[in-house]
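Engineer: Before anything else, here's the structure in question.
2 protein chains.
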Amino acid sequence: MNNELKKKVKAFAPASVANVSCGFDVLGFAIDKVGDTLQAEATSYPGVIIESVTGPGNLSTDPDKNICGVIAKAMLAKLDLHQGVRIRLTKGILPGSGLGSSAASSAVTAFAMNELFGNPFTEKQLVEFAMLGEKLASGSAHADNVAPAIMGGFTAVRSYEPLDIFKIPVPNELYCTVIHPKIEVRTELSRNILKKQVELKTAIKQWGNVAGLVAGLYSSNYDLIGRSLTDYIIEPVRSRLIPGYFELTQNALLAGALGCGISGSGPSVFSLCKGHETAKKVADAFTEKAVLLGLPFDIYVSKIAEKGARIIDNE
Amino acid sequence: MNNELKKKVKAFAPASVANVSCGFDVLGFAIDKVGDTLQAEATSYPGVIIESVTGPGNLSTDPDKNICGVIAKAMLAKLDLHQGVRIRLTKGILPGSGLGSSAASSAVTAFAMNELFGNPFTEKQLVEFAMLGEKLASGSAHADNVAPAIMGGFTAVRSYEPLDIFKIPVPNELYCTVIHPKIEVRTELSRNILKKQVELKTAIKQWGNVAGLVAGLYSSNYDLIGRSLTDYIIEPVRSRLIPGYFELTQNALLAGALGCGISGSGPSVFSLCKGHETAKKVADAFTEKAVLLGLPFDIYVSKIAEKGARIIDNE
Numbered sequence: 001m002n003n004e005l006k007k008k009v010k011a012f013a014p015a016s017v018a019n020v021s022c023g024f025d026v027l028g029f030a031i032d033k034v035g036d037t038l039q040a041e042a043t044s045y046p047g048v049i050i051e052s053v054t055g056p057g058n059l060s061t062d063p064d065k066n067i068c069g070v071i072a073k074a075m076l077a078k079l080d081l082h083q084g085v086r087i088r089l090t091k092g093i094l095p096g097s098g099l100g101s102s103a104a105s106s107a108v109t110a111f112a113m114n115e116l117f118g119n120p121f122t123e124k125q126l127v128e129f130a131m132l133g134e135k136l137a138s139g140s141a142h143a144d145n146v147a148p149a150i151m152g153g154f155t156a157v158r159s160y161e162p163l164d165i166f167k168i169p170v171p172n173e174l175y176c177t178v179i180h181p182k183i184e185v186r187t188e189l190s191r192n193i194l195k196k197q198v199e200l201k202t203a204i205k206q207w208g209n210v211a212g213l214v215a216g217l218y219s220s221n222y223d224l225i226g227r228s229l230t231d232y233i234i235e236p237v238r239s240r241l242i243p244g245y246f247e248l249t250q251n252a253l254l255a256g257a258l259g260c261g262i263s264g265s266g267p268s269v270f271s272l273c274k275g276h277e278t279a280k281k282v283a284d285a286f287t288e289k290a291v292l293l294g295l296p297f298d299i300y301v302s303k304i305a306e307k308g309a310r311i312i313d314n315e
Numbered sequence: 316m317n318n319e320l321k322k323k324v325k326a327f328a329p330a331s332v333a334n335v336s337c338g339f340d341v342l343g344f345a346i347d348k349v350g351d352t353l354q355a356e357a358t359s360y361p362g363v364i365i366e367s368v369t370g371p372g373n374l375s376t377d378p379d380k381n382i383c384g385v386i387a388k389a390m391l392a393k394l395d396l397h398q399g400v401r402i403r404l405t406k407g408i409l410p411g412s413g414l415g416s417s418a419a420s421s422a423v424t425a426f427a428m429n430e431l432f433g434n435p436f437t438e439k440q441l442v443e444f445a446m447l448g449e450k451l452a453s454g455s456a457h458a459d460n461v462a463p464a465i466m467g468g469f470t471a472v473r474s475y476e477p478l479d480i481f482k483i484p485v486p487n488e489l490y491c492t493v494i495h496p497k498i499e500v501r502t503e504l505s506r507n508i509l510k511k512q513v514e515l516k517t518a519i520k521q522w523g524n525v526a527g528l529v530a531g532l533y534s535s536n537y538d539l540i541g542r543s544l545t546d547y548i549i550e551p552v553r554s555r556l557i558p559g560y561f562e563l564t565q566n567a568l569l570a571g572a573l574g575c576g577i578s579g580s581g582p583s584v585f586s587l588c589k590g591h592e593t594a595k596k597v598a599d600a601f602t603e604k605a606v607l608l609g610l611p612f613d614i615y616v617s618k619i620a621e622k623g624a625r626i627i628d629n630e
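Keeping their order, the protein sequence lines are chains A and B. Residue 1 is where the first sequence starts when you use our numbering, and the numbers rise one by one after that. Residue 316 is where the second sequence starts when you use our numbering, and the numbers rise one by one after that.
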């Protein structure tokens, strides 16, 4: 813990893939490189000013309507300081991509604020503050994106009451390839189409896969990871919202992906791969199919990012 | 693999705890010491003879109605040998206890037959043969008891089609204490009272716990194991079939158990504990409550048995 008060910090929080196929609302992992950057400057007067939001999306600079503003206010209130903060946010992730765009903004805000005011909060508290942003963005205070965006790596949200999050070790050669087809699927909508009830026998198959995926990650058993990456409950419903989902994932599997799934609530589609070479081949397979389907898209090839939110510049 | 043909083998397969709270139909572990013993002797003529079944229960010696007979027949048919086998089974586990009684008989048969005829089958095939016994005993070919009874340790049945079973490492100090209240709860009946549908939000909490339990076992995180030992789906229904269930488990938790659950389909109740001393205290806590409740019972304190089915004597 560093108690030295800083005048200004610049931090970064990564994009993330939540759900990870069988692990709906529980599992998530951070993606390298792509993410949101935030500069926070302490002011001598109270209040939160969002000076600018740049990059993709069209987010409000009203601190009551912007997730960074809401989180910063909550943290200042908790600290009971007669100070404020001036924020500049640079989005690296398009909102509505399914890559934890709001979570990255939430995570980077919580992390930067904590650094700026001398690290008064625990990592778990940072997750809780960041969940306020998720609540504003999607109507529910989920942690499956903010956990990896803050903590890095592969995370599991075991429980919300009380909040119980743990990290799962990641095999050395585990890569992901993510394609973001640039169509809009709103988190709230894709949540509302889910059935409220599931068959017990289907739920059993799903938690069998959760057991397999966690065991595969711990034991670096790539085959087991691949076999476990089947979602019997959410994917059959949500994949209908993603044009070409079946073709994209089939092509990725043919190119050697261990498995595929919907990233968060979509429309992004992720695959996990053993090794960088395979991940690049899967990127080619995604690209080939997306071009055929006439979809505009972005592609990311990344290790599972060991680091989550972090300082990239101090003044 | 040992291809030497034996004339007679004597084998043992342990009792087991299936479901393990959150891991319904998926997880299971083997219990030390208590289990079934089987002596198998090759005969020069075809056919299966069940010479004797001793110990608790009242099982048929008709090879078509006894699970050992059914499994031995299937294995002989697969081997296409003009030989047969004469079997003596000694039950160590009362049928209907929820401690994998039929699974132990099934496992010990599959294991002994394989040894007797020179180990022609893989471990996975032994599980498949043993599943025939489960089908006869309970109407469904489950593997969550036979897997630990054959393979030992903590096992997960990720999938049935195809059959995919893996072992999960067990922390050094993990013990279980199991109480078997001597009342009858038939597997088929306790299965029929389960609801066919579950709430998605409940299923999510359940697989969050499955993730936590598997991660806790891999990382020797006893607290995480304990926090994950909650079953939101099966226990609330099945525990009503077990008199004093709530009192027994509450007393075990007060005595230091990490968590409790129904063993298999009951009526046995298990707890997991850190260390032998705590497991013994939990045995006292179970005993105290069972005596108060006026229940006849057996109690077992055991490490998670690393070894499953095994030869205990060769001739």
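Where is the CB? At the ideal position from N, CA and C, for every residue including glycine.
Against Val214 of chain A, what residues of chain B qualify as contacts under a CB-to-CB distance less than 7 Å, listed in chain order?
Structural biologist: Residues of chain B passing the Cβ test: Ala526, Val529 and Ala530.
Engineer: Comparing the CB of Phe270 of chain A with every heavy atom of the ligand FMN, is any distance shorter than 6 Å?
Structural biologist: Because no ligand of any kind appears in the structure shown, any question about the ligand FMN cannot be addressed here.
Engineer: Looking at the strands, I want to know which residues DSSP matches up with Leu38 of chain A.
Structural biologist: Leu38 of chain A pairs with A:Ala11 and A:Leu89.
Engineer: Which same chain residues end up closer than 6 Å to Leu608 of chain B when comparing Cβ atoms and leaving out the 5 residues on each side of it in sequence?
Structural biologist: Closer than 6 Å at the Cβ level, and outside the excluded window around Leu608 of chain B, lie Gly559.
Engineer: Per the contact definition of three or more C-beta pairs closer than 8 Å, is the segment 346–364 of chain B in contact with the segment 436–451 of chain B?
Structural biologist: No: the two stretches stay apart, fewer than three of their Cβ pairs being nearer than 8 Å.
Engineer: Using DSSP bridges, identify the partner residues of Cys260 of chain A.
Structural biologist: DSSP output for Cys260 of chain A lists A:Ser271 as bridge partner(s).
Engineer: Is the CB of Arg473 of chain B under 7 Å away from at least one CB in chain A?
Structural biologist: Yes, Arg473 of chain B lies at the interface with chain A (some Cβ there is under 7 Å from its Cβ).
Engineer: Using only CA atoms, which one of A:Leu174, A:Val157 and A:Gly57 lies nearest to Asn145 of chain A?
Structural biologist: Here the closest residue by C-alpha is A:Val157.
Engineer: In three-state DSSP terms, what is Gly362 of chain B?
Structural biologist: Three-state result, Gly362 of chain B: strand.
Engineer: Let me check understanding here. Comparing Cα to Cα, which of B:Pro611, B:Val597 and B:Gly579 lies closest to Ser586 of chain B?
Structural biologist: Ser586 of chain B has its Cα closest to that of B:Val597, out of B:Pro611, B:Val597 and B:Gly579.
Engineer: Just mark Leu391 of chain B as buried or exposed, buried being the case when its beta carbon has 16 or more other beta carbons within 10 Å.
Structural biologist: Buried, by the Cβ-count rule.
Engineer: For the segment 255–270 of chain A against the segment 174–193 of chain A, do three or more pairs of beta-carbon atoms, one drawn from each stretch, fall closer than 8 Å, so that the two count as touching?
Structural biologist: With the cut-off at 8 Å, the segment 255–270 of chain A and the segment 174–193 of chain A touch.
Engineer: By the 8 Å beta-carbon criterion, what residues does the segment 224–240 of chain A contribute toward chain B?
Structural biologist: Correct list: Leu224, Arg227, Ser228 and Ile233.
Engineer: Pop quiz: Lys205 of chain A and Tyr232 of chain A are said to be a contact at Cβ under 8 Å. What is the actual Cβ separation, rounded to whole angstroms?
Structural biologist: Yes, Lys205 of chain A and Tyr232 of chain A are in contact; Cβ-Cβ is about 5 Å, under 8 Å.
Engineer: State the Cα-Cα distance for the pair Val385 of chain B and His457 of chain B, rounded to the nearest angstrom.
Structural biologist: Computed Cα separation, rounded: 16 Å.
Engineer: Three-state secondary structure (DSSP) at Phe29 of chain A?
Structural biologist: If DSSP states are grouped into helix, strand and coil, Phe29 of chain A belongs with the strands.
Engineer: Just reading off the beta strand (DSSP E) that Tyr232 of chain A is part of, what are its end residues?
Structural biologist: Neither: Tyr232 of chain A is in no beta strand (DSSP E) and is coded neither H nor E.
Engineer: Going by C-alpha to C-alpha distance, which of B:Asn487, B:Arg553, B:Gly581 and B:Leu544 sits closest to Leu568 of chain B?
Structural biologist: The candidate whose alpha carbon is nearest that of Leu568 of chain B is B:Leu544.
Engineer: What are the complete alpha helix (DSSP H) segments, minimum 4 residues, inside the segment 467–534 of chain B?
Structural biologist: Fully enclosed alpha helix (DSSP H) runs of 4 or longer: 502–507 and 515–533.
Engineer: Please report how far the alpha carbon of Ile93 of chain A lies from the alpha carbon of Val301 of chain A, in whole angstroms.
Structural biologist: Taking the straight line from one Cα to the other gives about 15 Å.
Engineer: By the criterion of Cβ-Cβ separation under 8 Å, what are the contact partners of Ile193 of chain A in chain B?
Structural biologist: Within chain B, no residue comes near Ile193 of chain A; the closest Cβ sits about 12 Å away, beyond 8 Å.
Engineer: Does the beta-carbon of Ser52 of chain A have 16 or more other beta-carbons within 10 angstroms, so that it is buried, or is it exposed?
Structural biologist: The residue is exposed, with fewer than 16 neighbouring Cβ atoms inside 10 Å.
Engineer: Using 10 angstroms around the beta-carbon of Pro162 of chain A, count the other beta-carbons present and answer buried if the total reaches 16, otherwise exposed.
Structural biologist: Its Cβ having fewer than 16 others within 10 Å, Pro162 of chain A is exposed.
Engineer: Just to confirm the assignment, what range does the beta strand (DSSP E) spanning Ser302 of chain A have?
Structural biologist: Phe297 to Lys303 is the extent of the beta strand (DSSP E) around Ser302 of chain A.
Engineer: May I ask which residues mark the beginning and end of the alpha helix (DSSP H) holding Asp599 of chain B?
Structural biologist: Looking at the DSSP string, the run of the alpha helix (DSSP H) that includes Asp599 of chain B is His591 to Leu608.
Engineer: Rounded to the nearest angstrom, what separates Cys22 of chain A and Val210 of chain A at their Cα positions?
Structural biologist: Taking the straight line joining both Cα atoms gives about 6 Å.
Engineer: Only counting runs of 3 or more residues, tell me where the beta strand (DSSP E) segments fall wholly within the segment 56–136 of chain A, in order along the chain.
Structural biologist: Runs of the beta strand (DSSP E) inside the segment 56–136 of chain A: 84–90.
Engineer: If you follow the alpha helix (DSSP H) that Leu556 of chain B is part of, which residue opens it and which one closes it?
Structural biologist: Run containing Leu556 of chain B: none; DSSP gives neither H nor E here.
Engineer: When the Cα atoms are used, what is the spatial distance from Lys124 of chain A to Gly47 of chain A?
Structural biologist: One C-alpha to the other measures close to 24 Å.
Engineer: Restricting to Cα atoms, I'd like to know which of B:Val400, B:Lys604 and B:Thr517 is closest to Lys322 of chain B.
Structural biologist: Nearest option by C-alpha distance: B:Val400.
Engineer: May I ask you to list, following chain order, the residues of the segment 23–54 of chain A that have a beta carbon less than 9 Å from some beta carbon of chain B?
Structural biologist: Within the segment 23–54 of chain A, the residues whose Cβ lies closer than 9 Å to some Cβ of chain B are Gly23, Phe24, Asp25, Val26 and Leu27, listed in chain order.
Engineer: Which chain A residues sit within Cβ distance under 7 Å of Gly433 of chain B?
Structural biologist: Ordered by position in chain A, no residue passes the 7 Å Cβ test against Gly433 of chain B, which lies about 29 Å from the chain.
Engineer: Are the Cβ atoms of Tyr533 of chain B and Tyr222 of chain A separated by less than 7 Å?
Structural biologist: No. Outside cutoff.
Engineer: Can you give me the Cβ contacts of Leu539 of chain B inside the same chain, cut-off strictly under 7 Å, excluding the 5 residues immediately before and after it?
Structural biologist: Answer for Leu539 of chain B: Gly527, Ala530 and Gly531, listed in chain order.
Engineer: Between which two residues does the alpha helix (DSSP H) holding Phe561 of chain B run?
Structural biologist: Note, Phe561 of chain B: alpha helix (DSSP H), Tyr560 to Leu569.
Engineer: Between Phe344 of chain B and Pro463 of chain B, which are expected to be in contact by the criterion C-beta below 8 Å, what is the C-beta distance as a whole number of angstroms?
Structural biologist: At roughly 5 Å, the Cβ-Cβ gap stays under 8 Å, so Phe344 of chain B and Pro463 of chain B are in contact.
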